[in-house]
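Notes to accompany the following structure.
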Amino acid sequence: MKGILIKDLYIAKSNILVTIVSLIVLGFGLSFLLEISALLVLAPVASTTAVFISITNDAASKWSKNVITMPVSRSQIIGEKFIFYILLAVLGIIVALVPCIVLAFFGIDITFYSLCLYGSIGMSATLLAGGISLPCAYLFDPEKSQIVFMVSFMASTGIIAGLVLLVNVFIPVKDNILLVFHIVLAISIMWFIVSYRIATRVYQRRDVT
Amino acid sequence: MDNALTISGLTKTYKDFVLDNVSFAVPNGAIVGLIGENGAGKSTTINAVLGLIQKEAGYVSILGNEEINGDTKEQIGVVFDGSNYPEILSPKKINRVMKNIYCSWNEQTYFRLLKQFSLPVDKQIKQFSKGMKMKLAISVAFSHHSKLLILDEATSGLDPVIRDDILDMLLDFVQNEEHSILVSSHITSDLEKIADYIVFIHEGKVVFFKPKDELMEQYGMIKCGAAQFDALDQSDIVVYRKMDYEWQVLVSNRGKMQKKYPKAMIVPATIDEIILLYVKGGK
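Those protein sequences? They're chains A and B, same order as listed. Residue numbering for the first sequence follows my numbering, starting at 56 and increasing by one per position. Residue numbering for the second sequence follows my numbering, starting at 719 and increasing by one per position.
Below, the structure is given as structure tokens:
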């Protein structure tokens, strides 16, 4: 699995670098207008686009076919994409924290509470979207999966809103905002794991030509 | 284990195509050429052997294993038409990737082959010509102690000089009796040069699986007129084809037929001619 992860890092290297620089510049720029920690909502979502670049590239170069003839199982091929997705999302969070920490040194008010809140929202949106779009990337052709990829981010915000409303039935959101978003994050993690299992099962019997 | 690859009753159905009960074997130390027109089922057979597509029925044993697992894949070198590597990578980066995929990856062999083929190590694959991409794919296939090479149309679109280099490499490879090759190609002249056995697939079915020497030395073509054709014993005709001014008849024992029909003009048949007669002729 390490080999295919290295291959994806090579493919996504320039995209990752552009995302890192953009997030840092955006972070400092936004600090004049908005609460800087809100960048944590955008960062993981933006950084995971590299996964879809690698999936599209795999299909275009017919690597998807070639790699199956190598000593790598189909579940490892799928697992690597999910791991790559998580790694990029975490990288996005870390990069977004850079301007937050730098600006905190200069006295800008950034609370741990807001970092946790926006971080949870950002990761939840990313995991929910990935849970929808990653399996679809192996089910549909590249054009359709790109549409699913874009729709999945919009869908994830809707799902988060729905989950918050659902949790609100049991726990009042107004008094427990952070707890509620942590519950949403936990559900998103579970969804991502279930999605990985579904994708592996579907891909196991899929003809790759 | 006498065969590196054994295929028996392999079946796969698509909407408009059926790979029907395909059976043949690749003996150890041999090169088997898989021939047939476009859409005949060559790639489908190879894809089923490699586990790229799910077979409906049949049995495939590859290097003594019925299940194609990681250990088996370590010993199989596969070359498809085109490089099938991300074009953004360079041969040097591919080395790093492969080093972490194949336990038996041999860096020295890989770089020696790149040097032998005069392939630039740091240049992106997208800047390579088709021949260079093919040489790269072959370098990869040769760099992890493969025992079985599977090449699917790997020499199509290459110039004769590069093709000849590659054919020499394949012949070198089977000097080791543990090594075997299954190669599908449209270029029958290449297979005439290197193959020990020929498998001819037509409309998803194996028409014949024979030693190449038997085809080249025993098969023949009678070129005759209508009267001479009518005088032929039907059981002697493998297939025939009516041309504008003559009949072409494929026979499976040239020498015997020459004795039986001393006035007939019987010429050796090339693989191309045999295929054409099977595909376009009648029985």
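Backbone N, C-alpha and C define an ideal beta-carbon position, used for all residues, glycine too.
At least 3 beta-carbon pairs within less than 8 Å: the stretch 88-96 of chain A vs the stretch 108-124 of chain A: no
Interface partners of residue 128/A on chain C, CB under 9 Å: Absent from the structure: chain C. Protein chains present are A and B.
Residue range of the beta strand (DSSP E) that includes residue 725/B: For this step, residue 725/B is matched to residue 7 along the second sequence. From DSSP, the beta strand (DSSP E) with residue 725/B extends over 721-731.
Closer than 9 Å to chain A by CB, residue 1002/B: Any question about residue 1002/B goes unanswered here, given that chain B covers just 719 to 1001.
Expected contact under 8 Å - CB spacing of residue 859/B and residue 797/B to nearest Å: What you label residue 859/B is simply residue 141 of the second sequence in a count that begins at 1. What you label residue 797/B is simply residue 79 of the second sequence in a count that begins at 1. Between residue 797/B and residue 859/B the Cβ distance is about 5 Å, and since that is below 8 Å, they are a contact.
Neighbour list for residue 120/A in chain B, Cβ cutoff strictly below 8 Å: Residue 120/A sits at position 65 when you count from the first residue of the first sequence. By Cβ distance, chain B contributes 770, 798 and 802.
Selection from 880/B, 897/B, 790/B and 887/B that minimises the alpha carbon distance to residue 865/B: By one-based count along the second sequence, residue 865/B stands at place 147. Per the Cα distances, 897/B.
Proximal residues to residue 253/A (C-beta, below 7 Å), its chain only, five neighbours per side dropped: Stepping through the first sequence from its first residue, residue 253/A is reached at position 198. Excluding sequence neighbours, residue 253/A sits near 190.
Length of the line joining the Cα atoms of residue 877/B and residue 846/B: Your numbering for residue 877/B matches position 159 in the second sequence. Your numbering for residue 846/B matches position 128 in the second sequence. Cα-Cα distance, rounded: 15 Å.
Exposed unless 16 or more other CB atoms sit within 10 angstroms - verdict on residue 123/A: Looking up residue 123/A in the first sequence gives position 68. Classification for residue 123/A: buried.
Backbone secondary structure at residue 230/A - three-state DSSP: Taking the first residue of the first sequence as 1, we reach residue 230/A at position 175. Coil.
Alpha helix (DSSP H) runs contained entirely in the stretch 833-904 of chain B, provided each spans 4 or more residues: 848-859 and 878-891
Nearest-angstrom Cβ-Cβ length linking residue 723/B and residue 744/B, presumed shorter than 8 Å: On the second sequence, residue 723/B is found 5 positions in, with the first residue counted as 1. On the second sequence, residue 744/B is found 26 positions in, with the first residue counted as 1. So it is a contact: roughly 4 Å between Cβ atoms.
Reduced DSSP category for residue 968/B - H, G, I as helix; E, B as strand; rest coil: By one-based count along the second sequence, residue 968/B stands at place 250. Residue 968/B falls in the strand class under three-state DSSP.
CB contact below 9 Å: residue 853/B versus chain A: Mapped onto the second sequence, residue 853/B falls at position 135. Taking Cβ atoms only, chain A never reaches closer than 9 Å to residue 853/B, which makes this a no.
Distance between residue 126/A and residue 819/B (C-alpha atoms, nearest Å): Position 101 of the second sequence, counting from 1, holds the residue named residue 819/B. Position 71 of the first sequence, counting from 1, holds the residue named residue 126/A. One C-alpha to the other measures close to 7 Å.
The beta strand (DSSP E) enclosing residue 1002/B, as first and last residue numbers: What the structure shows of chain B is the stretch from 719 to 1001, and residue 1002/B is not part of that stretch, so it cannot be assessed.
Own chain residues within Cβ distance below 6 Å of residue 861/B, not counting five before or after: Mapped onto the second sequence, residue 861/B falls at position 143. Around residue 861/B: 824, 827 and 828.
Neighbourhood of residue 129/A by C-beta distance below 6 Å, restricted to the same chain and skipping five residues each side: Residue 129/A sits at position 74 when you count from the first residue of the first sequence. 258 and 259.
Chain A residues whose Cβ lies nearer than 7 Å to that of residue 958/B: By 1-based counting over the second sequence, the position of residue 958/B is 240. Within 7 Å Cβ-Cβ: nothing; residue 958/B doesn't reach chain A, min ~36 Å.
Segment contact flag, the stretch 134-154 of chain A with the stretch 93-108 of chain A, C-beta cutoff 8 Å, min 3 pairs: yes
DSSP state of residue 154/A mapped onto helix, strand, coil: Along the first sequence, read from residue 1 onward, the residue named residue 154/A stands at position 99. If DSSP states are grouped into helix, strand and coil, residue 154/A belongs with the helices.
Cβ of residue 939/B within 9 Å of any chain A Cβ: As a first step, residue 939/B must be located in the second sequence, where it is residue number 221. Residue contact with chain A for residue 939/B: absent (no Cβ-Cβ distance below 9 Å to any residue of chain A).
Cutoff 9 Å: residue 62/A Cβ touching any chain B Cβ: Along the first sequence, one-based indexing puts residue 62/A at 7. True, the Cβ-Cβ gap to chain B drops below 9 Å.
Segment limits, alpha helix (DSSP H) that includes residue 126/A: Indexing the first sequence from 1 puts residue 126/A at position 71. Looking at the DSSP string, residue 126/A is not in any alpha helix (DSSP H), and its letter there is neither H nor E.
Within-9 Å CB hit, residue 58/A to chain B: For the purposes of this step, residue 58/A is taken as the residue at position 3 of the first sequence. Yes, because at least one Cβ of chain B sits closer than 9 Å to the Cβ of residue 58/A.
Inter-residue Cα distance where the pair is residue 968/B and residue 990/B: Here residue 968/B is taken as the residue at index 250 of the second sequence, counted from 1. Here residue 990/B is taken as the residue at index 272 of the second sequence, counted from 1. Approximately 12 Å, taken between the alpha carbons.
Proximal chain A residues relative to residue 900/B, where beta-carbon distance stays under 7 Å: Sequence index remark: in the second sequence, residue 900/B carries index 182 (1-based). Within chain A, no residue comes near residue 900/B; the closest Cβ sits about 13 Å away, beyond 7 Å.
Within chain B, the residues that residue 136/A reaches when beta carbons sit closer than 9 Å: The residue labelled residue 136/A in the question sits at position 81 within the first sequence. Using a Cβ-Cβ cut-off of 9 Å, residue 136/A is close to nothing in chain B; its nearest Cβ partner there is about 14 Å away.
Pair within 9 Å by beta-carbon distance, residue 758/B and residue 921/B: The residue you call residue 758/B lines up with position 40 of the second sequence. The residue you call residue 921/B lines up with position 203 of the second sequence. For residue 758/B and residue 921/B, yes; Cβs fall inside 9 Å.
Cβ of residue 223/A within 9 Å of any chain B Cβ: Walking along the first sequence from the start, residue 223/A turns up at place 168. Cβ-Cβ to chain B under 9 Å: no for residue 223/A.
Amino acids of chain A, ordered along the chain, whose beta-carbon sits closer than 9 Å to that of residue 887/B: Position 169 of the second sequence holds residue 887/B. The contacting residues do not exist; residue 887/B stays about 19 Å from chain A at best.
Beta-carbon contacts of residue 822/B that lie in its chain and below 7 Å, excluding the five residues immediately before and after: As a first step, residue 822/B is located in the second sequence; it is residue number 104 there, counting from the start. Hits under 7 Å: 792, 862 and 863.
Short CB-CB distance (under 9 Å) between residue 200/A and chain B: Here residue 200/A refers to the residue found at position 145 of the first sequence. No, because no Cβ of chain B sits closer than 9 Å to the Cβ of residue 200/A.
Cβ of residue 66/A within 9 Å of any chain B Cβ: Taking the first sequence and counting its residues from 1, the one referred to as residue 66/A is at position 11. Chain B contact via Cβ: present.
When 721/B, 742/B, 720/B and 735/B are compared against residue 728/B, the one with the closest alpha-carbon: As a position in the second sequence, residue 728/B is number 10, starting the count at 1. Selected option, being the one with the closest Cα: 742/B.
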